Each structure stands twice: as structure tokens, then as C-alpha cells.
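In what follows, a single structure is set out as C-alpha cells and then discussed.
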Amino acid sequence: MTTSIPGEPWSTGVARDGSGALVVGGVPVARLAQEVGTPAYVLDEADLRARAAGYRRAFETAFAEVGAGVDVYYAGKAFLSVAVARWVHDEGLRVDTASGGELTVALRAGVPGADIGLHGNNKSDEELALALDHGVGRVIVDSLVEVERLAALVRSRGGDPAPVMVRVTTGVHAGGHEYISTAHEDQKFGLSVTARDGQDSPAMTALLAVLDHPELRLLGIHSHIGSQILDPSGFEVAARVVLELRAQLARRTGVLVEEVDLGGGYGIAYLPGEVALDPDRIAKDVAASVAAAAADLATPLPRFSIEPGRAVVGPSGLTLYTVGTVKPVRVDDETERLYVSVDGGMSDNIRPALYGARYHAEVVGRLSSAPSVLARVVGKHCESGDVVVHEVQLPGDVRAGDLLAVAATGAYGRSMASNYNLLTRPPVVAVRDGAVRTLLRRETVDDLLALDQG
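When we follow the UniProt record's numbering, the leftmost residue of the sequence shown carries the number 1, and every step to the right adds one.
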């Protein structure tokens, strides 16, 4: 039987009304389906703003207690639009971007360049020039080649030195899948802190190279250890490694860099019963860890920064679908699974197919007293791996026309969406206090044909 289950993995603005239908941000899902159609990404604006402000307050409070300042950057790769960039900046966050497109969206939203960071392991000259044109507050360099390229670009243009952070890999491996764990050695991001054969580590070599270029200003050191992290110990170990590298550089050159970025990757709940990483807890644990490390190294604390993305926008979003074909499939002699097809699929959420990511779904347009059955929510693509939710209990009377919602899709849904099978990408709509606002409109077939020069 369908029951009301407020709380994770749903946003705080989600509830069921007296009829059993889901309401989000004061808006019934039936109204959303009627006004904007399905599939659709739905963002709970008040929830997103509260999560952004919550991370800022938690880290500012915890780090102030150990005598350090901190900046919180919203990791735009999770999902970025003009409105979302404005919301997070309103709540006191800066914006971290990973491409010229993301940088342009943040600028279009009115975020000052000084409050923006630019990431990327293979930035183009055009992207670097855009960052310089708008006075981006930090360019996170990812290779020795990029150090030389950025210095040459600044030299050719004139102007003030570019503020640079060097991204390092600490060897700390954290996250829910190999593809999203980014601090081990064998991957494309950053420069290793490990020295071999009596030579400087790649990270130290890059830091020294930045200091050797008058066109660059070494702002600090950047580390990111993975995504969907639910154990804070990885952050603590990585922070100590970075602070040790900072102290080594100071002993060698007399330069004690002023900033250290500890990255993002804070985990959220995707299934009922899962517990998200609590920002107050992680802030206190990491603050205590860095204070102890700095004391051991006899160095003053730098200013810190962090980069939550998924933790801000992920729980604030859901995807609303309409059910189509429903059919039972015999799995083995004892098990039958109900395949529930929806009007979207891997084009609007690639993570289950790419990572085996798990999500939770519910029938949300009505109340059902039917016993629940084992179900798999699948899409409409010509691909056997087109799975939205691998395993979930749904009412046995689920049928065509039902509205079905998948929770916690605010991060890496729309931002990783595709036009596979030439499906058009869903709209992103914001709900708050009973009002609906379209942030990104639904694509049309005419949009796709406009690109076709045949």
C-alpha cells in the first residue's frame, strides 16, 4: 500500500496530499504534468537554497572555531543554469565551473568573476582567455603544460598575473565507483604528490613552475578525492597530505601559499534508509583535522575552500515520468519482476547505466492499496541497459498513465542528458510556494533539426 514517507531521499518540500498524490513545493504533480508535460526535471527551490546556505554556515562556523576562513563553491558540473547560479550566489556561495559553457552561464547569472573558479584537465586557449577577460578568481591548473600555456597567454595579453591553484592527487581513493574516484594515481586529473627516483614530485614541480612565472600568482593547492563520499575520513587524510605539501614548499622557497581547496564529493541519500553526509559533522571533523595537521607542521592555517555540488542540488530534484508499457517478466522459477516503462530513460539519467547507480521511485499521482511487487523502471530507448531504477517495490496495480517520480535526480541528470534515439531533453522547472517556473524549456524536434545541415 502507498504510504506517506516524507524525508530522504526526497526534498524537504515533498509530501503527499489527502488523496495520496505527491505535492512538491506546494504544487501537485498532476498540475506539473498538465502544465509542463513529462518527463520533466523538478527542482525544489527552497530546499536547494536551504542546502546551499546550510553548507556555508556549517563550514564557516566550524572553521572559525579553529581560526581559519573558508569559502564554499557550488560545483556547477552537478547542474548549472542561470537561475541556479543566482540562487547559490544569493546564499553566499561562489561558483566552480569546468568549461567555457559553465563559466559563461555563471557570468550570465551575474556572478562576479572574482567569485568563480575554472577547472578542467584540458582547457582550451579560448576558455583560459574567457577566464582572464572576466577576472576569474582562480584558475585550477592541471598539468605542467597548462602552466606554460597560461603564462604565455597572460604574457601575450598583458595585465595582472593570473591567480592559480595547482590540482594535486593525494593518493586517497574515495567515492562510490572507480569512474568517480579522482585522487588515485592512474587517472587524468591533477599532479601526484609522490616523489620517485630522487626527483621532485609532479605536484612540487608544478608549484615551483608557477612560482617561476611572473605572469602567474600562486594562490594555493587544490585536491579532490572523489564523489558520493559518505565517510569523512578520506577528506581528513587528504587535507593532511596537502598541508604537508604546502609546508614542504614553504621550507624550500619561503612561500607559504594562502589557500587550500579540499574539493567536494559530499554524499547524499538516494534510497530510503540511507543517511546523507551531514554538513555540520563533516565541517567539524575536517576543521579539527586541519587544525591538528597545521599544529604538527608548525604552520599557520591557510584559508580553505570546498566544492559541494551534488549535496546542494541532488536531493532538491526529482524527475517526473508517465508510465507506459507494464509487463511481468519471469526472472527464474521463483521470481517475477514487473517491468515498468516510462517516457524517458537513459537519455535523461545515464547514471544507472554508466555507474550502476541506484535510485528510488514511487507512483505519485494516486493512492494505491494494492500489494507491492518487485519492479524495475526502464526507459523507452533501444538499449537493454536502459534502466532508470534497477529494483524497487511498486504497487502491483501500476498501470499506463500513472505518474511516477524518481527521487534525488537534481545532480547529474540534466547535466549529463543526451539526445540518444533523438529524444528531446526534458525541461527543468522550479517550484516554490505553489508557483511553477521554467528554468530550461523542453527541447523540440525542431531544435534537433536546426542542427542538421543535411
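Ideal Cβ positions, reconstructed from N, Cα and C, are used throughout, including at glycine. None of these values were measured; they are calculated from a predicted model.
Less than 7 Å between the C-beta atoms of residue i and residue j, yes or no?
i	j	result
Gly356	Ser341	no
Phe59	Val72	yes
Val373	Gly344	no
Leu439	Val431	no
Arg217	Pro161	yes
Gly434	Val27	yes
Gly76	Asp96	yes
Arg246	Ile221	yes
Arg330	Arg376	no
residue 534	Leu243	In the structure as shown, the chain starts at 1 and stops at 454, and residue 534 therefore has no counterpart that could be examined.
Tyr321	Val378	no
Leu422	Leu451	no
Val66	Val172	no
His211	Ala203	Note that residue 211 is Leu in the sequence shown here, rather than His. Not a contact, by the Cβ cut-off of 7 Å.
Ala78	Arg437	no
Val312	Ala52	yes
Go to residue i, then tell me how far its beta strand (DSSP E) extends in each direction, as first and last residue.
i	result
Ser169	The sequence given here has Thr at residue 169, not Ser. 162-169 is the span of the beta strand (DSSP E), which, as asked, contains Thr169.
Thr319	317-330
Phe304	303-306
Ala407	403-407
Thr438	435-440
Thr97	94-97
Ala15	14-16
Gly76	No beta strand (DSSP E) holds Gly76; DSSP gives it neither H nor E.
Leu118	116-118
Glu8	That residue, Glu8, is in no beta strand (DSSP E); it is neither H nor E in DSSP.
Buried or exposed: which applies to residue i, given that a residue is buried once 16 or more other Cβ atoms fall within 10 Å of its Cβ?
i	result
Thr170	buried
Glu334	exposed
Val275	exposed
Pro328	exposed
Thr319	buried
Gly18	exposed
Asp386	buried
Arg240	buried
Ser124	exposed
Ser11	buried
Glu362	buried
Pro371	exposed
Return helix, strand or coil for residue i, following the three-state DSSP convention.
i	result
Gln34	helix
Leu423	coil
Asp285	helix
Ser223	strand
Ala370	coil
Tyr41	strand
Ala62	helix
Pro395	strand
Ala68	coil
Val88	helix
Ile180	Caution applies to Ile180, whose pLDDT of 35 falls short of 50 and renders its modelled position unreliable; the value that the coordinates give is listed next. Helix.
Ser341	strand
Leu256	coil
Val388	strand
Asp446	helix
Ala294	helix
Leu218	strand
What residue range is occupied by the uninterrupted alpha helix (DSSP H) comprising residue i?
i	result
Glu146	144-157
Ser233	233-253
Glu127	125-133
Arg351	351-355
Leu211	202-212
Give me the residue from the options with the minimum Cα distance to residue i.
i	options	result
Leu301	Val290, Ala311, Glu391	Val290
Glu45	Thr322, Gly13, Arg157, Leu271	Gly13
Ser305	Leu256, Leu354, Val260	Val260
Ala353	Val331, Leu338, Arg366, Val389	Val389
Arg138	Ser384, Val105, Gly120	Gly120
residue 455	Gly264, Leu230, Ala106, Ala68	Nothing about residue 455 can be reported from this structure: the residues present for the chain run from 1 to 454 only.
Tyr412	Arg303, Arg31, Arg351	Arg351
Arg358	Thr409, Val286, Gly454, Val329	Thr409
Arg441	His360, Thr38, Trp87	Thr38
Ala50	Leu128, Asp90, Thr424	Asp90
Glu391	Leu448, Lys284, Leu271, Val166	Leu271
Ser347	Pro371, Leu367, Glu383, Ile140	Glu383
Tyr266	Arg251, Val237, Pro232, Thr299	Pro232
Leu404	Leu367, Ser418, Pro371, Glu35	Leu367
Ser99	Thr424, Val445, Leu130, Gly264	Leu130
Asp142	Asp402, Gly254, Val168	Val168
Arg155	Phe235, Leu394, Glu215	Glu215
Pro163	Gln248, Glu443, Glu258, Leu93	Glu258
Tyr251	Leu208, Leu262, Asp402	This sequence places Arg at residue 251; Tyr is not what is there. Ranking the options by Cα distance to Arg251, first place goes to Leu208.
Glu146	Tyr74, Gly135, Ala407, Val166	Val166
Can you find a CB in chain C that lies within less than 7 Å of the CB of residue i?
i	result
Leu243	Here there is only one protein chain, and chain C is not present.
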